[in-house]
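K.L.:
Numbering (the working numbering), first residue to last: 43 to 364.
Below is a structure I'd like to ask you about.
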Amino acid sequence: MKKITTTLWAALSAVLISTGAVAAELKQVAITAIVEHPALDAVRDGALAELKKAGYEEGKNLKVDFQSAQGNTATAAQIARKFVGDKPDVILTIGTPSAQSVVAATRNIPVVFSAISDPVAAKLVKDWGASGTNVTGASDTLPIQPQIDLIKQLIPNLKKVGYVYSTGEVNSVVVLKQLQEAGKVNGFEVVEAPAPRTTDIGIAARSLKGKVDVIYTSTDNNVVSAYEALYKAALDSGIPLVASDTSTVARGAIAALSNNYYILGEETGKMIVDILNGKKAGDIPVKTMDKLDLYLNLKSAKAFGITVPQTLVESAKEVISQ
Numbered sequence: 043m044k045k046i047t048t049t050l051w052a053a054l055s056a057v058l059i060s061t062g063a064v065a066a067e068l069k070q071v072a073i074t075a076i077v078e079h080p081a082l083d084a085v086r087d088g089a090l091a092e093l094k095k096a097g098y099e100e101g102k103n104l105k106v107d108f109q110s111a112q113g114n115t116a117t118a119a120q121i122a123r124k125f126v127g128d129k130p131d132v133i134l135t136i137g138t139p140s141a142q143s144v145v146a147a148t149r150n151i152p153v154v155f156s157a158i159s160d161p162v163a164a165k166l167v168k169d170w171g172a173s174g175t176n177v178t179g180a181s182d183t184l185p186i187q188p189q190i191d192l193i194k195q196l197i198p199n200l201k202k203v204g205y206v207y208s209t210g211e212v213n214s215v216v217v218l219k220q221l222q223e224a225g226k227v228n229g230f231e232v233v234e235a236p237a238p239r240t241t242d243i244g245i246a247a248r249s250l251k252g253k254v255d256v257i258y259t260s261t262d263n264n265v266v267s268a269y270e271a272l273y274k275a276a277l278d279s280g281i282p283l284v285a286s287d288t289s290t291v292a293r294g295a296i297a298a299l300s301n302n303y304y305i306l307g308e309e310t311g312k313m314i315v316d317i318l319n320g321k322k323a324g325d326i327p328v329k330t331m332d333k334l335d336l337y338l339n340l341k342s343a344k345a346f347g348i349t350v351p352q353t354l355v356e357s358a359k360e361v362i363s364q
């Protein structure tokens, strides 16, 4: 009897130890985005795919909590406080306002940002190297001159560029300054059209009627999330759209030269995996992308009366023709 009891206790202990090991292996990743739109969604999907590839699968050994701030910075701050209280293993932030809210809320939980054009200007990190803090991430920063070269191929007699943007988004203000500097070198003037809220996007675009040759849009989250409204206003005003977010091409932009946001998400996911495997966020340098993809919408170009050079068509990764 004693031998049987001992055997049962040994078996029970093995089960308990095994259960405890499984519980210990469960990792929690909290994800927040300032808003949901195709580019930011692709970042999230790419990151989760990379986690799964590394053996971290939702519903098995990974718990994922995703929350969108729906474009509201106050909501972003609330989500940040909630996530810090939940104490996940890593917090992934997508978009500048969400990243700023989370970084301000914790100095202990590892934070990995993504889809941030200028993390230094956003005061997330002090430079582009390893931060030495709890923060790292992947940037979608884009060189401005290739964007200008693209616009000039589409509109050779370029004189004035309209820029619709959210004044509250640091990345968008940074791009504005880059655009203005590029204008001095390339001989065009930048006409601003601030749109603090998504509901202001159409109004801002219409304010540029008769004043500009093109509207250029960056990866501004408010603008991208309301791109259909922007397209309608631009079409009504006869102002072609050129973007730096490829997801907007299917939504009306003539062209976009940009990062692949799914791949950006994968690169971000690799950083999260490193942290889950024991590496410190502060030891991981900020990542940037080195390959840009050109997307074209010939149907949209025709609607705006723009002839797209064949050289661009041949070099594009994706062309929408109808």
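All C-beta atoms, glycine included, are put in the ideal place defined by N, C-alpha and C.
In chain order, which continuous runs of the beta strand (DSSP E) of length 3 or greater are located wholly inside the stretch 105-143?
P.N.:
Listed in chain order, the complete beta strand (DSSP E) runs (minimum 3 residues) inside the stretch 105-143 are 132-136.
K.L.:
Locate the alpha helix (DSSP H) running through Leu196, then write down its first and last residues.
P.N.:
By 1-based counting over the sequence shown, the position of residue 196 is 154. Where Leu196 is concerned, the enclosing alpha helix (DSSP H) stretches over 186-196.
K.L.:
Less than 8 Å between the beta carbons of Ser140 and Ala111, yes or no?
P.N.:
Taking the sequence shown and counting its residues from 1, the one referred to as residue 140 is at position 98. Taking the sequence shown and counting its residues from 1, the one referred to as residue 111 is at position 69. Going by C-beta atoms, Ser140 is nearer than 8 Å to Ala111.
K.L.:
Under a three-way DSSP split, which group does Glu92 fall into?
P.N.:
As a first step, residue 92 must be located in the sequence shown, where it is residue number 50. The answer is helix: DSSP assigns Glu92 an H, G or I state.
K.L.:
So which of Ser143, Asp128, Ile305, Asp131 has the shortest CA-CA distance to Ile76?
P.N.:
As a working note, residue 76 is residue 34 in the sequence shown. If we check each option's Cα against that of Ile76, Ser143 comes out closest.
K.L.:
For the stretch 121-130 and the stretch 161-176, state whether three or more C-beta atom pairs, one from each stretch, are separated by less than 8 Å.
P.N.:
Result no; under three Cβ-Cβ pairs closer than 8 Å.
K.L.:
In three-state DSSP terms, what is Pro238?
P.N.:
Translated into the one-based positions of the sequence shown, residue 238 becomes position 196. Coil, per DSSP.
K.L.:
Work out the CA separation of Lys251 and Ala114 for me, nearest whole Å.
P.N.:
As a position in the sequence shown, residue 114 is number 72, starting the count at 1. As a position in the sequence shown, residue 251 is number 209, starting the count at 1. According to the sequence as given, residue 114 is Asn; it is not Ala. Asn114 and Lys251: Cα-Cα distance of roughly 29 Å.
K.L.:
DSSP three-state label for Phe155, please.
P.N.:
Sequence index remark: in the sequence shown, residue 155 carries index 113 (1-based). Note: Phe155 maps to strand in three-state DSSP.
K.L.:
As an exercise, report each continuous alpha helix (DSSP H) stretch of at least 4 residues that is fully enclosed by the stretch 332-361, in chain order.
P.N.:
If we require 4 residues or more, the alpha helix (DSSP H) runs fully inside the stretch 332-361 come out as 340-346, 352-357.
K.L.:
Ser363: buried (16+ other C-beta within 10 angstroms of its C-beta) or exposed?
P.N.:
Residue 363 sits at position 321 when you count from the first residue of the sequence shown. Looking at its Cβ environment, which holds fewer than 16 other Cβ atoms inside 10 Å, Ser363 is exposed.
K.L.:
Please identify the residue among Gly210, Gln352, Ala89 whose C-alpha is closest to the C-alpha of Leu338.
P.N.:
Here residue 338 corresponds to residue number 296 of the sequence shown, with the count starting at 1. The residue with the shortest Cα to Cα distance from Leu338 is Gln352.
K.L.:
Could you give the DSSP three-state label for Gly324: helix, strand or coil?
P.N.:
Here the question's residue 324 lines up with position 282 in the sequence shown. Three-state DSSP puts Gly324 in a helix.
K.L.:
If you measure between the beta carbons of Ser286 and Leu299, is that distance less than 8 Å?
P.N.:
One-based indexing of the sequence shown puts residue 286 at position 244. One-based indexing of the sequence shown puts residue 299 at position 257. Yes, the Cβ-Cβ distance between Ser286 and Leu299 is below 8 Å.
K.L.:
So what's Tyr303 in DSSP terms, helix, strand or just coil?
P.N.:
The sequence position of residue 303 within the sequence shown is 261, counting from 1. Three-state result, Tyr303: helix.
K.L.:
Which residues in the same chain have their Cβ closer than 6 Å to the Cβ of Phe108, if we skip the five residues on either side of it in sequence?
P.N.:
The residue you call residue 108 lines up with position 66 of the sequence shown. The answer, listed in chain order, is Ile73.
K.L.:
I need the straight-line Cα distance from Thr349 to Leu306, nearest angstrom please.
P.N.:
To locate residue 349, count along the sequence shown from 1; it is residue 307. To locate residue 306, count along the sequence shown from 1; it is residue 264. The straight-line gap from Cα to Cα measures roughly 31 Å.
K.L.:
Looking at the unbroken beta strand (DSSP E) that takes in Lys219, where does it start and where does it end?
P.N.:
Mapped onto the sequence shown, residue 219 falls at position 177. First-last for Lys219: 212-228, but that is the alpha helix (DSSP H), not the beta strand (DSSP E).
K.L.:
Return the chain-ordered ranges of every alpha helix (DSSP H) run that is complete within the stretch 240-300 and spans a minimum of 4 residues.
P.N.:
DSSP runs (the alpha helix (DSSP H)) wholly in the stretch 240-300: 243-248, 263-267, 269-279.
K.L.:
Check whether the stretch 221-231 touches the stretch 275-295, taking contact to mean three or more Cβ pairs, one atom from each stretch, closer than 8 Å.
P.N.:
Flag = no, the stretch 221-231 and the stretch 275-295 do not touch.
K.L.:
Let me know if Ala65 comes out buried or exposed under the rule of 16 or more other beta-carbons within 10 Å of its beta-carbon.
P.N.:
As a first step, residue 65 must be located in the sequence shown, where it is residue number 23. Summary for Ala65: the model assigns pLDDT 41, below 50, so the residue's position carries little reliability; its value from the coordinates is reported in the next sentence. Ala65 comes out exposed.
K.L.:
Under the three-state reduction of DSSP, which class applies to Thr310: helix, strand or coil?
P.N.:
Taking the sequence shown and counting its residues from 1, the one referred to as residue 310 is at position 268. Three-state result, Thr310: helix.
K.L.:
Work out the CA separation of Ala237 and Val206 for me, nearest whole Å.
P.N.:
What you label residue 206 is simply residue 164 of the sequence shown in a count that begins at 1. What you label residue 237 is simply residue 195 of the sequence shown in a count that begins at 1. Taking the straight line from one Cα to the other gives about 7 Å.
K.L.:
Would you mind giving the Cβ-Cβ distance between Leu93 and Ile314, rounded to the nearest angstrom? I have them listed as a contact below 8 Å.
P.N.:
Locating residue 93 in the sequence shown gives position 51, where the first residue counts as 1. Locating residue 314 in the sequence shown gives position 272, where the first residue counts as 1. Right, their Cβ atoms sit about 6 Å apart.
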